[in-house]
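Enquirer: In the numbering used here, the protein residues as written are 1 to 447.
Glycine included, each C-beta is placed from N, C-alpha and C at the ideal position.
In this text the structure is predicted, and so the values were computed from the model without any measurement.
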Amino acid sequence: MALSGVEIFKLLPKTNCKKCGHPTCLAFAMKLAQRQATLESCPDVSEEAKRILGEASAPPVRPITFGTGSKAVKMGEETVLFRHEKKFVNPCLFSVEIKDTASESEIADMAAQVAGSEIDRVGQKLRIDGIALTNASNDAGKFEAAAKVVAAKAPDVPVILCTTDPRAAETAVKIFAGKRPIVYGANASNFEAMANIAKASRAILGVAANGLDELSGLTEKIKALGVEDMVIDSGARKAKDVVEHNTFIRRAAIKKNFKPLGYPVINFMQRDNSLHEAMIAVFGVTKYASIVVLSSIEKWKNLALFTLRQNIYTDPQVPMQVEQKIYPIGDAKADSPLFITSNFSLTYFIVSGEIENSKVPSRLAVLDCEGLSVLTGWAAGKFTASKIAQFITDSGIDKEISHKELIIPGYVAILSGSIEDKLPGWKITVGPREANAIPAFLKARAS
Ligand code: SF4
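#1: Relative to the C-alpha of VAL318, which candidate in LEU126, PHE344, LYS443, GLY178 has its C-alpha closest?
#2: List the whole-angstrom C-beta distance separating SER205 from ALA177, where the pair is believed to meet the contact cut-off of C-beta under 8 Å.
#3: Taking ALA448 as the reference, give the member of GLN113, VAL282, PRO155, GLU118 with the closest Cα.
#4: What is the DSSP secondary structure of ASN343, counted as helix, strand or coil?
#5: Leaving out five residues before and five after TYR411 in sequence, what residues of the same chain have Cβ atoms less than 7 Å from its Cβ?
#6: If ILE131 sits next to VAL157, beta carbons under 8 Å apart, how far is it from one beta carbon to the other, in whole angstroms?
#7: Cβ of THR163 within 9 Å of Cβ of PHE143?
#8: With a 10 Å radius around its C-beta and 16 neighbouring C-beta atoms as the bar for buried, classify LYS179 as buried or exposed.
#9: Run the proximity test for VAL6: is its beta-carbon closer than 8 Å to any non-hydrogen atom belonging to the ligand SF4?
#10: Does the pairing of the segment 426-443 with the segment 343-357 give three or more beta-carbon distances under 8 Å?
#11: Quick one: residues in its chain with C-beta nearer than 8 Å to the C-beta of VAL243, no 5 flanking neighbours on either side, listed in chain order?
#12: Do THR341 and LEU364 have their C-beta atoms within less than 9 Å of each other?
#13: Is it the case that the CB of THR24 approaches a heavy atom of the ligand SF4 more closely than 8 Å?
#14: Report yes or no: do three or more beta-carbon pairs, one from the segment 3-16 and one from the segment 41-59, lie closer than 8 Å?
#15: Between which residues of its own chain and GLU214 is the CB-CB distance below 7 Å, once the five residues before and five after are set aside?
#16: Using the Cα positions of CYS25 and GLN36, report the straight-line distance between them to the nearest angstrom.
#17: Can the beta-carbon of ALA200 be found closer than 9 Å to that of ILE222?
#18: In angstroms with no decimal places, state the Cα-to-Cα distance between VAL292 and GLY226.
#19: Exposed or buried, VAL265, counting other C-beta atoms within 10 Å across all chains shown (16 or more means buried)?
#20: In the DSSP assignment, the alpha helix (DSSP H) including PRO166 goes from what residue to what residue?
#21: Between MET320 and GLY371, how many whole angstroms is the CB-CB distance? I'm expecting something under 8 Å.
#22: Applying the criterion that 16 or more other CB atoms from any shown protein chain within 10 Å of the CB defines a buried residue, is SER117 buried or exposed?
#23: State the start and end residues of the unbroken alpha helix (DSSP H) segment that holds ILE8.
#24: Fully enclosed by the segment 53-104, which beta strand (DSSP E) runs are 3 residues long or longer?
#25: Starting from the C-beta of LEU338, find all residues in its chain whose C-beta is less than 6 Å away, skip the five residues before and the five after it, and write them out in chain order.
#26: With a 10 Å radius around its C-beta and 16 neighbouring C-beta atoms as the bar for buried, classify GLY67 as buried or exposed.
#27: Within 10 angstroms of its Cβ, does ARG250 collect 16 or more other Cβ (buried), or is it exposed?
#28: Say the cut is 8 Å; is the CB of LYS50 nearer than that to a heavy atom of the ligand SF4?
#29: Does the distance from the CB of LYS427 to the CB of LYS399 come in under 9 Å?
#30: Kindly list the residues whose CB is nearer than 8 Å to the CB of SER4, restricted to its own chain and excluding five residues on each side of it in sequence; keep chain order.
#31: Nearest to SER395 by CA position, among ASP368, ALA379, GLY381, SER296, is which residue?
#32: Please list, in chain order, all residues of the same chain as LEU126 whose beta carbon is under 6 Å from its beta carbon, the five residues on each side excluded.
#33: Are VAL96 and SER290 touching if we call contact CB-CB under 9 Å?
So, in structure tokens, the structure goes:
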């Protein structure tokens, strides 16, 4: 269980030497308890205290990196039950199941689709993160052959090898040597053999059980065999069970520091009906799954789940924002219109998207409002006439364009006079209140 500030204080040297940058050992202890400082800052702490505090400060859900290279993904490391308490750390991953009973061309095609699934949304790259190759044939040879096709078609994509046959797992895992795959399928009857394979190949072990009691018993036994990195599956498949089991696992890990369930959770969806599957996946994403395995790859499903994941895993204390600068949209020329907006990501992407839709090359000046939208930024004194004028002057844009007209958002029409006062020689035009009116606004100006 996490230690309190006073409990931590008892383990510190209590000399108040200030070498850690804090005025007293107690102040440092309080920061440690809030996870706002790290123990390395105190050079005089004893080895015994390091051991005790190190164990107590480890995240209750074990951090694990799945895969290697540019597409490696982190799981676990969570410290809270609810996003508003702090933040969720590592987003739930999506994997798509490929069965080894599919033909070689079908396997190759699906693997290539996963490898090319990346989209850009509000400045973030979103994609299907992994492939779950299942040994549906129960044939080790077929599983190995399918693994080779996946490795060739999606060499950077992290892979989950799903089989309960240790022989099949041992052969297939060699194809992904050094790539940190997950070997999923350790259960009550094969866990020793599967643990040995995971240990020898430095893979993550996927533990499958029938219920929470069996699961916690299995992870303890597997840990005793020397395997530290596991993902856990309680066997939940229905929406009700996914919510109930995942919540129980997260609560046990975070509130009770119950180590046997302190691992990332994997949920398998696999419904015949894609809509039903997407709906169950929503429960996995919102309720603590670290990996959701889907049975198919479809753009509509990807988009819905990517958007949900992005919303859940955005740090609520840090607004999403883009860099302050002037962005050309299309082939902007000297006489192209110049708009201004705030640097809240969503605002930027909506406004720039609508300008793009208009097919009128333009420039979009994006003012740093600490990630607030236009109206909120104005109310907070961050989207003001002075700041707009300063930004436009400092940018030197007047040397690049042949006019001096700035189009401001309709919601802050009230600023037009004061901006004109602070930007002598400039004409301030009030643009539409809503971004979706920009194409019509630009069309009307051109006619
Ligand atoms: Fe106390 Fe260590 Fe900080 Fe010195 S460096 S004040 S001993 S916590």
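Expert: Working from what's here:
#1: In the sequence shown, counting from the first residue as 1, residue 318 sits at position 318. Closest by C-alpha distance to VAL318, out of LEU126, PHE344, LYS443, GLY178, is PHE344.
#2: Mapped onto the sequence shown, residue 205 falls at position 205. Mapped onto the sequence shown, residue 177 falls at position 177. Per the sequence presented here, residue 205 reads as Leu, with Ser not at that position. Contact doesn't hold; Cβ gap of about 16 Å is too wide.
#3: Nothing about residue 448 can be read from this structure; the chain reaches only from 1 to 447.
#4: Against the sequence shown, residue 343 aligns to sequence position 343. ASN343 falls in the coil class under three-state DSSP.
#5: Mapped onto the sequence shown, residue 411 falls at position 411. Excluding sequence neighbours, TYR411 sits near VAL374, LEU375, ARG433.
#6: Position 131 of the sequence shown, counted from the start, is the residue given in the question as residue 131. Position 157 of the sequence shown, counted from the start, is the residue given in the question as residue 157. With 8 Å as the limit, ILE131 and VAL157 qualify as a contact, their Cβ atoms being about 6 Å apart.
#7: Counting from 1 along the sequence shown, the entry for residue 163 is found at position 163. Counting from 1 along the sequence shown, the entry for residue 143 is found at position 143. In this structure, THR163 sits near PHE143, with a CB-CB distance shorter than 9 Å.
#8: Start at 1 with the first residue of the sequence shown, and residue 179 comes out as number 179. With 16 or more other Cβ atoms inside 10 Å of its own Cβ, LYS179 counts as buried.
#9: In the sequence shown, residue 6 corresponds to position 6, counting from 1. With a threshold of 8 Å, the Cβ atom of VAL6 does not count as near the ligand SF4, since no heavy atom of the ligand is closer than that.
#10: Yes, the segment 426-443 is in contact with the segment 343-357.
#11: Translated into positions along the sequence shown, residue 243 becomes position 243. Excluding its 5 nearest sequence neighbours in each direction, VAL243 has C-beta neighbours in its own chain below 8 Å: PHE283, LYS287, listed in chain order.
#12: Counting from 1 along the sequence shown, the entry for residue 341 is found at position 341. Counting from 1 along the sequence shown, the entry for residue 364 is found at position 364. For THR341 and LEU364, yes; Cβs fall inside 9 Å.
#13: As a position in the sequence shown, residue 24 is number 24, starting the count at 1. The nearest non-hydrogen atom of the ligand SF4 is less than 8 Å from the C-beta of THR24.
#14: Contact between the segment 3-16 and the segment 41-59 is present: 3 or more CB-CB pairs across the two stretches fall below 8 Å.
#15: For the purposes of this step, residue 214 is identified with residue 214 of the sequence shown, where counting begins at 1. Excluding sequence neighbours, GLU214 sits near ALA188.
#16: Numbered from its first residue, the sequence shown carries residue 25 at position 25. Numbered from its first residue, the sequence shown carries residue 36 at position 36. Note on geometry: alpha-carbon atoms of CYS25 and GLN36 lie some 14 Å from one another.
#17: What you label residue 200 is simply residue 200 of the sequence shown in a count that begins at 1. What you label residue 222 is simply residue 222 of the sequence shown in a count that begins at 1. No. Outside cutoff.
#18: Working through the sequence shown from its first residue, we reach residue 292 at position 292. Working through the sequence shown from its first residue, we reach residue 226 at position 226. Straight-line Cα distance between these residues: approximately 26 Å.
#19: As a working mapping, residue 265 is identified with position 265 in the sequence shown. With 16 or more Cβ atoms within 10 Å of its Cβ, VAL265 is classed as buried.
#20: In the sequence shown, counting from the first residue as 1, residue 166 sits at position 166. Run containing PRO166: 166-175, per the alpha helix (DSSP H) assignment.
#21: Here residue 320 refers to the residue found at position 320 when the sequence shown is read from its first residue. Here residue 371 refers to the residue found at position 371 when the sequence shown is read from its first residue. Rounded to whole angstroms, the Cβ separation of MET320 and GLY371 is 6 Å, and the two are in contact under 8 Å.
#22: Numbered from its first residue, the sequence shown carries residue 117 at position 117. When all chains shown are included, SER117 counts as buried.
#23: Residue numbering aside, residue 8 sits at position 8 when the sequence shown is read from its first letter. For ILE8, the enclosing alpha helix (DSSP H) covers residues 5-11.
#24: Every beta strand (DSSP E) of 3 residues or more that sits fully in the segment 53-104 is shown, in chain order, as 64-66, 73-75, 93-99.
#25: As a first step, residue 338 is located in the sequence shown; it is residue number 338 there, counting from the start. Excluding sequence neighbours, LEU338 sits near ARG363, LEU406.
#26: Along the sequence shown, one-based indexing puts residue 67 at 67. Looking at its Cβ environment, which holds 16 or more other Cβ atoms inside 10 Å, GLY67 is buried.
#27: Looking up residue 250 in the sequence shown gives position 250. It counts as buried.
#28: Residue mapping note: residue 50 aligns to position 50 of the sequence shown, counting from 1. No, the Cβ of LYS50 stays beyond 8 Å of every heavy atom of the ligand SF4.
#29: Taking the first residue of the sequence shown as 1, we reach residue 427 at position 427. Taking the first residue of the sequence shown as 1, we reach residue 399 at position 399. Cβ distance not < 9 Å, so LYS427 and LYS399 don't count as in contact.
#30: Indexing the sequence shown from 1 puts residue 4 at position 4. The answer, listed in chain order, is ALA33.
#31: Start at 1 with the first residue of the sequence shown, and residue 395 comes out as number 395. The candidate whose alpha carbon is nearest that of SER395 is ASP368.
#32: Taking the sequence shown and counting its residues from 1, one reaches residue 126 at position 126. Within the same chain, LEU126 has close Cβ partners ILE119, PHE306.
#33: Here residue 96 corresponds to residue number 96 of the sequence shown, with the count starting at 1. Here residue 290 corresponds to residue number 290 of the sequence shown, with the count starting at 1. No, Cβ-Cβ distance for VAL96 and SER290 is not below 9 Å.
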